[in-house]
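In my numbering, the protein residues as written are 1009 to 2102.
Structure, as structure tokens:
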Amino acid sequence: MADQQTNKPHRAGSSDTSKKKKLHANGFNAKAFAVANPGKLERQARRSHDKNEKRFHAPMVDRTPEEPPPVLVAVVGPKGTGKTTLIKSLVRRFTKHTLTEINGPVTVVSGKRRRLTFFECGTDLNSMIDIAKCADLILLMIDGNFGFEMETMEFLNILSPHGFPRILGVTTHLDLFKSVSTMRASKKALKHRFWTEVYKGAKLFYLSGVMNGRYPDREILNLARFISVMKFRPLKWRNEHPYLIADRVVDITHPTLIEENPKVDRTVTLYGYMRGSPMQANNAKVHVPGVGDLVVKEIERLPDPCPTPYAIKLEEAKSQGENAPKKRHRRLDEKMKTIYAPMSDVGGVMIDKDAVYIDVGTSSFSTGQEKGLGETLVTSLQNSSKILGNGDVGIQLFSSSKALRDVNDDGDEDENVEELDENLDELDDLDADELEELDESHPDFGNSGRKSLRQGKKASDSLDEKEQDEEYAFASSDDELEPSDDGSNALRWMDNYKPNNFKKRWDIGKLLYMDNISPLDVIKRWSGEEDQESEEENIEEEDDFFKPKEVLQSVESHSYLEYSNLSQWDDASVVATISDVFYREIRAVENAENAENEDEEEVFGEFEDLEADENNGSSENEAEEEGLKAVKSVEEQREENAKRKEQLRLQIEEDEDREFGAEDPEGEEGDTWYDAQKAKITKQLNINNAEYAQLDVATRDRIEGFRAGSYVRLVFSGIPCEFVENFDPKFPVLVGGLLVNEDRFGFSQVRIKRHRWHKRILKTNDPLVISLGWRRFQTCPIYTTSDSRTRNRMLKYTPEHMHCAATFYGPLVSPNTGFCAVQSVSDRDMTGGFRIAATGTVVEVDQEVEIVKKLKLVGHPYKIFKNTAFIKDMFNSAMEVARFEGASIKTVSGIRGQIKRALAKPEGNFRATFEDKILMSDIIILRGWFPVQARRFYNPVTSLLLSNKATWKGMRLTGEVRAERGLSVPQQRDSAYGKIERATRRFNPLQVPKTLQAQLPFSSQIHRMKPQRKQTYMQKRAVVVDGKEKQLRDLMVKVATLRNEKDAKRNAKKEESRAKVAAKQAKIDEKRAEKRKEDRKEYFARNNKKSKTA
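In structure tokens:
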């Protein structure tokens, strides 16, 4: 054979780790782990820091109590935008109650721990200003077909200085658009304009047309859910002051006093929920906008007329003690969905100091006294015990079959469907808080449970959609489906309820051809045997907002128990018989040998060592006794463990607070100065609450005051009778508490800016209505500016597009408080322009203020010396001169001087010295400063005392008074502007001394011609033109005139042709420029792509 093949032997790879060790000796290679895109990293870091800075705000004490007051939701917008319809739809959504008329606040329960108070705000400035100071949430109504109106912009500018609350935009009238593309473009334009006024990303809801007097249920549901989960942060002014919105006003003046004098001052009680800081119990000073400053004669806490389910549960637990049954409601029952609107006569419950009044309703109709055939038929239908279609006749499927009345179904398919419907209805009724509890209580439920529920929901929705038109087809009226007005919150048709009285009416034609329903189920549903719960209307198809993370895992996750059979388990001997099949709890640390594990067993004392039971040889009786002890001691041991854990947590927090920033002055991430301040405020608040918690309610109210969330009754005396006689519930009655120094009056110095949309500039001492704090008052401001921070110089008018200072007399408030100003709050003065005149901020408050006005005195010299001159026409007497001795004066040319002494004669003249010699033509000016005193004028706006609240007029402008009386403007002699005639100034020729002229060179010497004394020969002879020469000259003039006219016409025609050519050339140049621009774009785009691919 040939030589055998020899292959190259395999060489195993050697892992040379020395190179890696060298590379990593001083750390990883920086180039290998460098940032791939430094610009992107820088932008991400900047964005994260910007987001972190945006969350910073001035730390404030969160005074929100455990049971907060209702969230005040104000519906604001121009007339005809659907404010009333929106409130009716929301109330219907939350309470199943239909309001016919809305007057005053309407309070409803929206969740287990949240209530909402709706208030419809009018378009008058008084209501808009008052609502802007107290509303927690603004629903800003916008006509989508028309766009933003003036009232919307005015309200946004009122909100800005008073503390901007949360705002939701609601667009209506979208059904008026005929084109979808037009509606889409209008939506986009409205959204971006709304973002410009509020903030980028502000939520804007869209509501389409009205159906049956309400907006579509799906759109209202989305809006209601968004409102229910909104969070609010405290605003500075409201967090420092107590206030309330009166939801009920009662005149308790003795009738005999009114009979003796109808104009006597009244004693009035106001009811409402306290908000803000606590109000002191004795002689609290308040201000009611539209009425004036008042003192609370008496304040008293009343039972909550619209409590939350959480508060009701706490009261039941307190009354029943440890024996209270622990019920966990996943949704609100019908009886919990209460409504309280005493001014709208809804709810039927009035709570007063001494009694609770329940309106049971009155009827002007008596049974048996029917008038006519129509009333007889209606009463007979009302007295019917069964609804049409639910008789006992049964159903006959086929002509040869018997009528079926009852079918026994042993299967569980129908029960599954029913149970699925119930779970879905419960899920739809959950609010945000309950969804969170559901997530926490069922953390292990995954996507399978949600998927099964969604599939079941789609199946049930498909049935409901087909049946919704026939579901309540035979109910007698809508009123039978709504809560009654007698305060019991029960349904009227439930009074005579029987199991088969009210059922769904199913369409047999649809049920027979459904594949997902068995024939027995079809018969059962048609005959009305299936149990149906009367819950709220199922209007949810597929939720777009707030889908719950986790739901019940399956339909069969719970079963119903017979509670009557549970009483036997109260006996301890019965419990002991089955204790062997359950794991029992062993008490921690019973022997000394286990003392070293004491801490672990305290924490994990609820678990048991399973192997211990196997090795334990105790008898059965001993095990039963230990089981009883374990059962009895579970609650006690849990309480002890909870106390130990709480003490340990408090001790750790105190140690952390004590050592904050000791080792690391800058702190770790999150441990900033801002976080430290918030922690400090929270800790102090917890200490205060812990101290107050030891007191009873009455003692705490006397010491701390009436906290937010309390429903109180305020008694006022000395109220003008017009307030009661002209009371209109559509206008808000705001009661704002005053701090210690806010009842004092003085001068406020503010920084103010005229609004750019206001037509006129503002003039000094013109009356202006200012909204500052709780008050609305009229005053006369003086506009000033600071001259080098040495003096406040008065301005006659406000400057354009910039801030200035202003001083006015009024109540004193703390600096940095915002305000807005209007020229008039009366609707009669509306001219279609923007009504907000100015906005600003308080800078300083004082009892006195110095303002000066520039004053110029003018004089003329009549005798001049080297550096001295005598001045006249500036003063009238020697006393006036003496007042200004030593004052600085100045000439127009800039020569400075000083007043010395008055001259004996003539009266008013004086001697002055200057830094240089002045001329007789110089004008001497004295710049002085004249003190101006601000007017002490304060006129509160008392609009609530008028029958027409939008017609209040205070001090009028002088021009308005003259126009009303037909007076002309008086002309003063000093104010007249005369024609200025300046005399021509003649300067003397330059006089050069002869000695100086003789020394000049010949080229620079002054050569002067002697004046002509005799006439020349040609001057002596006059030119006389004869007749023929005169005709020639006349002809030449005419020819020249014709030539000039012809030239003018030719030039005009040339100019016209040039203009046409220029216009044509301009179009050509424009097209050429556009073409050049496109070519440049294509060129750079092409080259840019090439550079990227290269």
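C-beta atoms are modelled at their ideal positions from N, C-alpha and C, and glycine is treated no differently.
- For Cys1812, the enclosing beta strand (DSSP E) begins and ends at Cys1812 to Pro1819.
- Comparing alpha carbon positions, the residue from Arg1799, Ala2071 and Arg1055 closest to Pro1939 is Arg1799.
- The Cβ neighbour count for Met1810, taken over all protein chains shown within 10 Å, is under 16; the residue is labelled exposed.
- A straight line joining the alpha-carbon of Gly1152 with that of Gly1085 spans about 12 Å.
- By the CB criterion at 8 Å, Ile1137 and Arg1784 fall inside the cutoff.
- The bridge partners DSSP lists for Ala1846 are Arg1762 and Ala1829.
- In the structure shown, His1057 adopts helical secondary structure according to DSSP, grouped into three states.
- Looking at the DSSP output, Gln1757 bridges to Thr1815 and Glu1852.
- Secondary structure note for Lys1862: its beta strand (DSSP E) is the uninterrupted segment Ile1859 to Ile1872.
- It is roughly 47 Å from the alpha-carbon of Ser2065 to the alpha-carbon of Ile1988.
- Looking at Trp1245, Ala1254 and Phe1731, the one whose alpha-carbon comes closest to that of Thr1125 is Ala1254.
- Of the residues assessed, Ser1097 falls on the buried side of the cut-off, its CB having 16 or more other CB atoms within 10 angstroms.
- A direct Cα-Cα distance of roughly 42 Å separates Ala1193 from Glu1342.
- Checking the DSSP bridge columns, you'll see Asp1795 partnered with Arg1799.
- Less than 8 Å separates the beta-carbon of Ser1885 from that of Gly1916.
- Within the model, the alpha-carbon separation for Glu1157 versus Lys1686 is close to 41 Å.
- Collapsing the DSSP output to three states places Phe1154 in coil.
- Counting along the chain, Val1294 sits inside the beta strand (DSSP E) bounded by residues Lys1293 to Val1296.
- Ranking Pro1067, Lys1653 and Leu2040 by CA distance to the CA of Ala1684 puts Pro1067 first.
- When DSSP reads this structure, Gly1088 sits in no beta bridge, so it has no partner.
- Restricted to the segment 1958-2019, the alpha helix (DSSP H) segments that are unbroken, complete and at least 4 residues in length are 1966-1973 and 2002-2007, listed in chain order.
- Sequence-distant Cβ neighbours of Arg1764 in its own chain, meaning closer than 8 Å and more than five residues away, are His1809.
- For the alpha helix (DSSP H) assignment, the uninterrupted runs of no fewer than 4 residues enclosed by the segment 1165-1219 are, from N- to C-terminal side, 1188-1205.
- Here DSSP, grouped into helix, strand and coil, assigns Glu2078 to helix.
- Separation of the CB atoms of Phe1842 and Phe1883 is rounded to 48 Å, and the pair is thereby denied contact status at 8 Å.
- Around the Cβ of Thr2024, a 10 Å sphere holds fewer than 16 other Cβ atoms; the residue is exposed.
- For Pro1317, the enclosing alpha helix (DSSP H) begins and ends at Pro1317 to Gln1328.
- Considering only Lys1738, Asn1290 and Leu1722, the residue with the shortest C-alpha distance to Asp1132 is Lys1738.
- A straight line joining the alpha-carbon of Leu2008 with that of Gln1999 spans about 15 Å.
- Between Lys1271 and Lys1961, the alpha-carbon positions lie close to 22 Å from each other.
- Annotation for Ala1813: Gln1757, Val1758, Arg1759, Ile1760, Tyr1791, Thr1792, Thr1793, Ser1794, Asn1800 and Val1851 place their beta carbon closer than 8 Å to its own, counting only its chain and skipping 5 residues before and after.
- Within the same chain, no residue comes within 8 Å of Arg1657 by CB-CB distance, once the 5 residues on both sides are set aside.
- A direct Cα-to-Cα measurement between Leu1252 and His1766 gives close to 33 Å.
- In this structure, Val1069 and Leu1953 do not form a Cβ contact; the two beta carbons are roughly 36 Å apart against a cut-off of 8 Å.
- Beta-bridge analysis with DSSP links Glu1306 to Val1723.
- Under DSSP, Phe1918 takes part in a beta bridge, and its partners are Ile1879 and Ala1910.
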